[in-house]
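Per my numbering, residue 87 is the first one in the sequence shown, and the count goes up by one each step. Built from N, CA and C at the ideal position, the CB exists for glycine as well. These numbers come from a predicted model, not from an experiment.
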Amino acid sequence: MTEIDLRRVLTLNEAAARWKLADGATVRKAIERKRFKTHEIRKSGSIWLISLDGMERVFGPEPEGGNHK
87 MTEIDLRRVL TLNEAAARWK LADGATVRKA IERKRFKTHE IRKSGSIWLI
137 SLDGMERVFG PEPEGGNHK
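Encoded structure:
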């Protein structure tokens, strides 16, 4: 069985905070514009989930001092 590190999966708001974006709308627009690959995003109910790898590919490396725990 493959192990998945859930610390590498973010909600829109978590991703926006870590990349110092105003809010999740910027990430949502990237989803709408199909900038993410299908394996990098998933909608669970009303919540979008995004892989850390996808964020790095679309928005570049996480800024220094990103809000991650």
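Among the options, which residue has its Cα nearest to the Cα of residue i?
i, options, result
"Ser-137", "Ala-108, Met-87, Glu-89, Ala-101", "Ala-101"
"His-125", "Ala-116, Asp-139, Lys-115", "Asp-139"
"Lys-120", "Arg-143, Ser-130, Gly-131, Lys-106", "Arg-143"
"Arg-114", "Glu-148, Met-141, Gly-151, Pro-149", "Met-141"
"Phe-122", "Phe-145, Leu-92, Ser-132", "Phe-145"
Could you pull out every residue in the same chain whose Cβ sits closer than 6 angstroms to the Cβ of residue i, ignoring the five residues on either side in sequence?
i, result
"Gly-110", "Leu-98, Asn-99, Ala-102"
"Trp-134", "Leu-98"
Note down the Cα distance separating residue i from residue j, rounded to an integer number of angstroms.
i, j, result
"Ile-127", "Gly-151", "24 angstroms"
"Thr-112", "Ser-130", "19 angstroms"
"Ala-108", "Thr-88", "35 angstroms"
Kindly give me the distance between the Cβ atoms of residue i and residue j, rounded to whole angstroms, as I take these residues to be in contact under 8 angstroms.
i, j, result
"Lys-106", "Pro-147", "Rounded, the Cβ-Cβ distance is 12 angstroms, inconsistent with contact."
In chain order, what residues of the same chain have a beta carbon less than 7 angstroms from the beta carbon of residue i, not counting five sequence neighbours either side?
i, result
"Ile-117", "Ile-127, Trp-134"
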